[in-house]
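Step one of this worksheet: look at the structure below.
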Amino acid sequence: MDSNYFLLFKTAAAEFRAWEHTSPEEKRAILPIIELTRGRRRRGAGADLTEQQLISTPDIYAFEKILEKTEESFSGCPRVIMDITREEMLNSFEINQLSLDTDGYKNWVTFIETQIEHYDELIPTILVNPSNDDYEEYESNLIKQVNDALDLCPGIAYRAAVLFDPGFLNDLEVVADDLNVAKQNGKEIFIILDHEFIRPGTSIIHAARTLGIIERLNLLLPEATIVTLATSFPRAIDDLGDPEHDVFPMEEVFLNEEINRALKHSDVHYGDYGSINPTRNDIVFASGWRPRIDFPTANSRTFYYREKRDKKHTYDHHYTSVAQDVMNDELFEELEGCWGYEKICEAATGIVPGKSPNFWISVRMSIHIHQQIVRIFQGTS
Amino acid sequence: MRKRPLRPPRPGQEAGTDSLPLDFEALDTPERIIEFCQSRGYIDGSSTDIKKLIEDTPNLEIEFKDLGEYDGCIKKIENDRYLISINSRHSPTRQKFSMAHEYVHFQFHRDQIEKMPEGEKILHRSSERDHIENQANRVAAEILMPRRLFEDRAREVNGDIAELSRIFEVSTLAIRYRAKELGFRGHGF
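From first to last, the protein sequence lines are chains S and L. Our numbering numbers the first residue of the first sequence as 292 and each following residue consecutively. Our numbering numbers the first residue of the second sequence as 70 and each following residue consecutively.
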C-alpha cells in the first residue's frame, strides 16, 4: 500500500496511543505530518512565571521527551513530514529557537540534520518566520533554507494556513524556481493546504476558494503534490450537536471530494487531523466529565452518545452504557482488526478499558484512521 | 512562529496587501471572523461595526422594522440570499447584539435557517438550551468583544460594566454575559 493518506499529528498523548494501536499495514498507508509541540511542563518549572514568560524561558517544557516519543513511534514509517507548531498555546522557548530565521533558518536545518538518521525518509516543512522588515533578507533566508534542506532530504513540504494566512503565496513565489528545479532533480515537493477546522456544511464554500488557490499553485509549481488538510471535529461537541446524541458530517472528506470533482481528476491528496480538533483542549475537569463515546462511520459521518454522570454510578457504569448505545445505533459497524472498535465492544460488556476522555479520543482516532484507509484505498464511501 | 507570518512587503508593494485575501464566505470560526474584521477595519479600536460587516457581505441583507416582542430573525429570500431583520424599536446596543447573533446564524447555521422561527428573543431568555442558539450568542459575544480586547479593557477600567458597555457599544447585559463566559469574577461582574 503506498502511503497517500496524510495524517496530521500534534504529538498529544491521545494521538500517540491511537498510533501505537494502528496496525503495521495501516501505518504503511499513512504519511504522517508531525507537528512538534512543546511537551508537558516539567514538574514545578516556572511556577512564578506568567504564560508569556513560560514560553520564553528555556527548560520549562520537556521538548526532548516529545522528540523521543516521536522517534519511537514513527521511525518505522517509510516517510514522515516534520513540522513545528504555530499554535501559541503549544509553543515554547525551544520551539521558538528552532524557528529563528537567522542564516537561512540554520537552527531548523541543523535540527533536521540530527533527525534524519531516525527515519527512512524525513521531509521537513519550510518555516516562514521573518524577524524584520527587510524584504531581501526574508527572500534570501527562505531560499537558503529550502536549498540547504533539499541537500539533506529527499523532499520538502510547505504547509499553508489557507484560512489564516492570506499572504502565503508570496513565500512560494520566492522559492518556486528552486522547488521546480529540485522536482526535476527527483525531489518530492508537497504543498499542504491546511484548512484546520471547517464547519460541517461548508465544504462547497471552502472548496470554491481553495480551487482558486490550486489554480495559482498549478501555474507556480506544476509538479508539486497538493494535499488538502482539514477537520470538522469540533473543539467542544456542544458546538455542533445535542448534548447526549447527535451525528455530523466529516466535512474534510467532502472538501477533498468536492475539489477533486471540480478538477475532474483525483490529483489532490486527502489529509486530516485524525478527528482531533486543531485547538488542543486542556480543560481540567474539576467536577468530573460526562462520559462520551464517538464513532466515525464509513459514510463519512461521526455520531456520539454521552451521558450525564450521576453520583450513584461510577464512570465504568456510564461508559458501558454509552458503549451499548453506540453499538445499538443503526450507523454502528463491525470493524475487524480495529483497536478502537474492539475497545467499544469491551466497554459494552462491562469491561471498561479506559475511563478518561483522553482514552476515548484515542478510540475515536483509531476508528477514524481505519475508516479513512478503507475509504481511500477501497473506495467504499 | 506565527500562523500568519509578519512578511515584509515586497518592494513597491503596499504593506498589508495579501495575495489571497480572505473573503466573506470563508468565515466559519469565531477566530476567522475576528481576524477578518481586524484586517478589514470592521473592528476600530474596540467596537465591531457589525452592521457594516453585514451590509458588505454578499448575499446578505439587513432591514430594521418593528418585530414586536422579538429581537431579530434571519430568513432565506432567494436561492442563496438571506435577510436579517432587526427590531427597530430596540436600543442601538441591543440591536448590535441581535445583528451579531443573526450574522452567526448566517455563517454557521445556513443549512438550518429555513427551520428557524421567524422571530427570536436573543440573550434575554432565562436559559438557552438549544445548542445552535447558545452558540450564536457565544460567538456573537466573541465577535463584539474579542477575548484579548475585552480582557485588556476590563483591566483598564477595573471591571466597570457601564464603561465597558460604552467602549464596546453593547448593552450591560451583553458585557455581563461575555464576562461570565471568560470567567471574570469580582468588580462590577
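Glycine included, C-beta positions come from ideal geometry on N, C-alpha and C. Just so we're clear, the structure is a prediction, and the values are computed from it rather than from any experiment.
Inter-residue spacing [alpha-carbon to alpha-carbon] between residue i and residue j
| i | j | result |
| --- | --- | --- |
| S/I528 | S/D425 | 44 Å |
| S/G395 | S/I483 | 22 Å |
| L/A169 | L/A209 | 5 Å |
| L/S196 | L/D97 | For L/S196, the pLDDT reaches just 46, beneath the cut-off of 50, and the residue's location in the model is therefore unreliable, leaving the point undetermined. |
| S/A452 | S/G631 | 30 Å |
| S/T570 | S/A320 | 26 Å |
| S/L443 | S/E627 | 41 Å |
| S/T611 | S/K318 | 30 Å |
| L/K120 | L/E132 | 10 Å |
| S/L531 | L/H200 | 7 Å |
| S/P540 | S/P491 | 6 Å |
| S/R552 | S/K356 | 43 Å |
| S/P421 | L/I102 | 25 Å |
| S/H661 | S/R377 | 28 Å |
| S/Q669 | L/P74 | 39 Å |
| S/A373 | L/D229 | Checking the sequence shown, residue 373 of chain S turns out to be Met, not Ala. Going from the Cα of S/M373 to the Cα of L/D229 covers about 48 Å. |
| S/L470 | S/V437 | 8 Å |
| L/R247 | L/Q204 | 13 Å |
| S/N590 | S/P369 | 29 Å |
| S/R332 | S/I351 | 6 Å |
Whether residue i touches residue j by CB criterion (8 Å)
| i | j | result |
| --- | --- | --- |
| S/V538 | S/R592 | yes |
| S/E379 | S/F354 | no |
| S/V400 | S/A440 | yes |
| S/C629 | S/I658 | yes |
| S/R329 | S/N398 | no |
| L/R222 | L/L233 | yes |
| S/A498 | S/L508 | no |
| L/A243 | L/L213 | yes |
| S/R500 | L/D92 | yes |
| S/E479 | S/G446 | yes |
| S/N568 | S/A304 | no |
| S/I489 | S/E542 | yes |
| S/V371 | S/I414 | yes |
| L/T162 | L/V226 | no |
| S/F365 | S/P315 | no |
| S/R450 | S/D485 | yes |
| L/M70 | S/I642 | no |
Any chain L beta carbon closer than 8 Å to residue i
| i | result |
| --- | --- |
| S/A440 | no |
| S/S244 | The first residue shown for chain S is 292 and the last is 672, placing residue 244 of chain S beyond what the model contains. |
| S/Q662 | no |
| S/N547 | no |
| S/G492 | yes |
| S/F402 | no |
| S/R552 | no |
| S/R377 | yes |
Contact list for residue i against chain L, beta-carbon separation under 9 Å
| i | result |
| --- | --- |
| S/Y606 | In chain order: nothing, as chain L lies at least about 24 Å away. |
Proximity test, Cβ basis, 8 Å: residue i and chain S
| i | result |
| --- | --- |
| L/R109 | no |
| L/E104 | yes |
| L/T126 | no |
| L/P215 | no |
| L/F177 | yes |
| L/H174 | no |
| L/P99 | no |
| L/Q164 | no |
| L/S196 | Residue confidence for L/S196 is low, a pLDDT of 46 falling below 50, so the modelled location carries little weight; the figure read from the coordinates is stated next. Answer no: the Cβ-Cβ gap between L/S196 and chain S never drops below 8 Å. |
| L/Y246 | no |
Chain-ordered chain C contacts of residue i [CB-CB under 7 Å]
| i | result |
| --- | --- |
| S/G337 | No chain C is part of this structure, whose protein chains are labelled S and L. |
Contacts of residue i in chain L (Cβ-Cβ under 8 Å)
| i | result |
| --- | --- |
| S/N420 | M70, R71, P74 |
| S/Y429 | R76, P77 |
| S/I504 | L89 |
Cβ-heavy atom distance, residue i to the ligand COA, below 7 Å
| i | result |
| --- | --- |
| S/K356 | As far as ligands go, the structure on display features none, and thus does not contain the ligand COA. |
Chain-ordered neighbours of residue i on chain S, where CB pairs are closer than 7 Å
| i | result |
| --- | --- |
| L/A95 | L454, I496, H497, R500 |
| L/D180 | G492 |
Contact list for residue i against chain S, beta-carbon separation under 8 Å
| i | result |
| --- | --- |
| L/R79 | Y426, N461 |
| L/H200 | D529, D530, L531, G532, D533, P534 |
7 Å Cβ cut-off: residues of chain L touching residue i
| i | result |
| --- | --- |
| S/S390 | M70 |
| S/F488 | T98 |
Problem set entry | Contact between the stretch 429-440 of chain S and the stretch 456-466 of chain S (3+ Cβ pairs under 8 Å) | yes
For this session: Report yes or no: do three or more beta-carbon pairs, one from the stretch 170-179 of chain L and one from the stretch 143-161 of chain L, lie closer than 8 Å?
Result: yes
Problem set entry | Stretch pair the stretch 548-557 of chain S + the stretch 593-600 of chain S: three plus CB contacts closer than 8 Å | no
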